[in-house]
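Undergrad: Residues in the sequence shown are numbered consecutively from 3, following our numbering.
The structure that follows is given in the form of structure tokens.
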Amino acid sequence: MVRELFNLNGKVAIITGAGQGIGREIALLLAKNGAKTVLIDINEKVFEVLEDIRALNREGLAIKCDVSNSEEVKRAVKDILEKFGSVDILVNNAGIYPFKPFTEMTEWEWERVLDVNLKGVFYFTREVLTKMIERGEDNKHCFNCRISHQLSKSRALFGEQSRHSRLHKSTSP
Ligand SMILES: NC(=O)c1ccc[n+]([C@@H]2O[C@H](COP(=O)([O-])OP(=O)(O)OC[C@H]3O[C@@H](n4cnc5c(N)ncnc54)[C@H](O)[C@@H]3O)[C@@H](O)[C@H]2O)c1
3 MVRELFNLNG
13 KVAIITGAGQ
23 GIGREIALLL
33 AKNGAKTVLI
43 DINEKVFEVL
53 EDIRALNREG
63 LAIKCDVSNS
73 EEVKRAVKDI
83 LEKFGSVDIL
93 VNNAGIYPFK
103 PFTEMTEWEW
113 ERVLDVNLKG
123 VFYFTREVLT
133 KMIERGEDNK
143 HCFNCRISHQ
153 LSKSRALFGE
163 QSRHSRLHKS
173 TSP
């Protein structure tokens, strides 16, 4: 029964920021439960995680992509669909925060935080959701490890998602 609940055989899961930390662990967990994982990261380390996935005898794909760049995101989702045909799970995990006192943060650093943590979620969710809607797919899942409270409550995003898939919000601000 529990095994059935967590059976992800045949499901395709995208995890952003999968090169290390929480994203890497999520990717390995989903792969262990049968999912084909797509590992997205700006860092080359993502290819090492792909080796870890293959060592589990699971299918995977690693793509070096900056989630804050809409063109790179579009290209990545196109490549994913060409390889796997569909997407069942999106984990918006990639995120940054400068390790320095808030009062010392520069405008450029703050803008970069917004670009990665906010725009990145927007670009990936928009791209994946658009493809799901085009294909008339449902019972899909979108997990946001980092998402602004306002964006997660946005009628536009939540309304679209709830009709076609399930949106899972995190407690992160
Ligand atoms: N660790 C915590 O205590 C904690 C708490 C609350 C929320 N979070 C959030 O959870 C997520 C993961 O946290 P973590 O501790 O594993 O972080 P981490 O810094 O260890 O890993 C983040 C990964 O995201 C990648 N990344 C950064 N910018 C990117 C970009 N533009 N495009 C693609 N990939 C990019 C990094 O290369 C890295 O591999 C982050 O969004 C973080 O803000 C973490």
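Using N, Cα and C, we set each Cβ at its ideal position, and we do this for glycine too.
Since the structure is predicted, the reported quantities are computational estimates derived from the model, not experimental observations.
Need the endpoints of the beta strand (DSSP E) that Val40 sits in, please.
TA: As a position in the sequence shown, residue 40 is number 38, starting the count at 1. It spans 38 to 43 - the beta strand (DSSP E) in which Val40 sits, taken as one unbroken run.
Undergrad: Go ahead and pull the three-state DSSP assignment for Ala96.
TA: Walking along the sequence shown from the start, residue 96 turns up at place 94. Reduced to three states, the DSSP call for Ala96 is coil.
Undergrad: Using 8 Å as the threshold, is the segment 13 to 22 in touch with the segment 89 to 106, meaning 3 or more CB pairs across them?
TA: With the cut-off at 8 Å, the segment 13 to 22 and the segment 89 to 106 touch.
Undergrad: Report yes if the C-beta distance between Lys38 and Glu61 is below 8 Å; otherwise report no.
TA: Position 36 of the sequence shown, counted from the first residue, corresponds to residue 38. Position 59 of the sequence shown, counted from the first residue, corresponds to residue 61. Contact: yes.
Undergrad: Look at the alpha carbon of Ile44 and the alpha carbon of Val69, and state the distance between them as a whole number of angstroms.
TA: On the sequence shown, residue 44 is found 42 positions in, with the first residue counted as 1. On the sequence shown, residue 69 is found 67 positions in, with the first residue counted as 1. Cα to Cα, Ile44 sits roughly 8 Å from Val69.
Undergrad: Might you give, ordered along the chain, the residues of its own chain that have their beta carbon closer than 7 Å to the beta carbon of Gly21, omitting 5 neighbours on each side?
TA: The residue labelled residue 21 in the question sits at position 19 within the sequence shown. Excluding residues within five positions, the ones whose Cβ falls inside 7 Å are Asp43, Asn45, Lys47, Val48, Val51.
Undergrad: Can the beta-carbon of Asn119 be found less than 8 Å from the beta-carbon of Gly25?
TA: Position 117 of the sequence shown, counted from the first residue, corresponds to residue 119. Position 23 of the sequence shown, counted from the first residue, corresponds to residue 25. For Asn119 and Gly25, no; Cβs fall outside 8 Å.
Undergrad: Less than 8 Å between the beta carbons of Ala33 and Ile55, yes or no?
TA: Residue numbering aside, residue 33 sits at position 31 when the sequence shown is read from its first letter. Residue numbering aside, residue 55 sits at position 53 when the sequence shown is read from its first letter. Cβ atoms of Ala33 and Ile55: closer than 8 Å.
Undergrad: Where Pro100 and Asp117 are concerned, what is the direct C-alpha to C-alpha distance, given to the nearest angstrom?
TA: The count along the sequence shown starts at 1 and reaches residue 100 at position 98. The count along the sequence shown starts at 1 and reaches residue 117 at position 115. So the alpha carbons of these two residues sit roughly 13 Å apart.
Undergrad: Got a sec, what are the start and stop residues for the alpha helix (DSSP H) Gly178 sits in?
TA: Within the shown structure, residues of the chain are numbered from 3 to 175, placing residue 178 beyond reach of any answer.
Undergrad: As a quick exercise: from Thr132, Val123, Glu74, pick the residue whose alpha carbon is nearest that of Ile98.
TA: Within the sequence shown, the letter at position 96 stands for residue 98. Of Thr132, Val123, Glu74, the residue nearest in Cα terms is Val123.
Undergrad: For ligand 1, is there a heavy atom less than 7 Å away from the beta-carbon of Ser72?
TA: What you label residue 72 is simply residue 70 of the sequence shown in a count that begins at 1. Ser72 Cβ: outside cutoff for every heavy atom of ligand 1.
Undergrad: Report the rounded CA-to-CA distance for Leu83 versus Ala57, giving the unit in angstroms.
TA: Along the sequence shown, one-based indexing puts residue 83 at 81. Along the sequence shown, one-based indexing puts residue 57 at 55. Computed Cα separation, rounded: 23 Å.
Undergrad: As a quick exercise: from Thr18, Glu113, Arg137, pick the residue whose alpha carbon is nearest that of Leu63.
TA: Taking the first residue of the sequence shown as position 1, residue 63 is located at position 61. Measuring from the Cα of Leu63, the nearest candidate turns out to be Thr18.
Undergrad: Within 10 angstroms of its Cβ, does Thr127 collect 16 or more other Cβ (buried), or is it exposed?
TA: Looking up residue 127 in the sequence shown gives position 125. Burial call: buried.
Undergrad: To which residues of the same chain is Glu74 closer than 8 Å at the C-beta, ignoring the five residues directly before and after it?
TA: By 1-based counting over the sequence shown, the position of residue 74 is 72. So the qualifying residues of the chain are Cys67, Asp68.
Undergrad: Distance check for Phe86 and Asn9, CA to CA, integer angstroms please.
TA: As a position in the sequence shown, residue 9 is number 7, starting the count at 1. As a position in the sequence shown, residue 86 is number 84, starting the count at 1. For Asn9 and Phe86, the distance between alpha carbons rounds to 18 Å.
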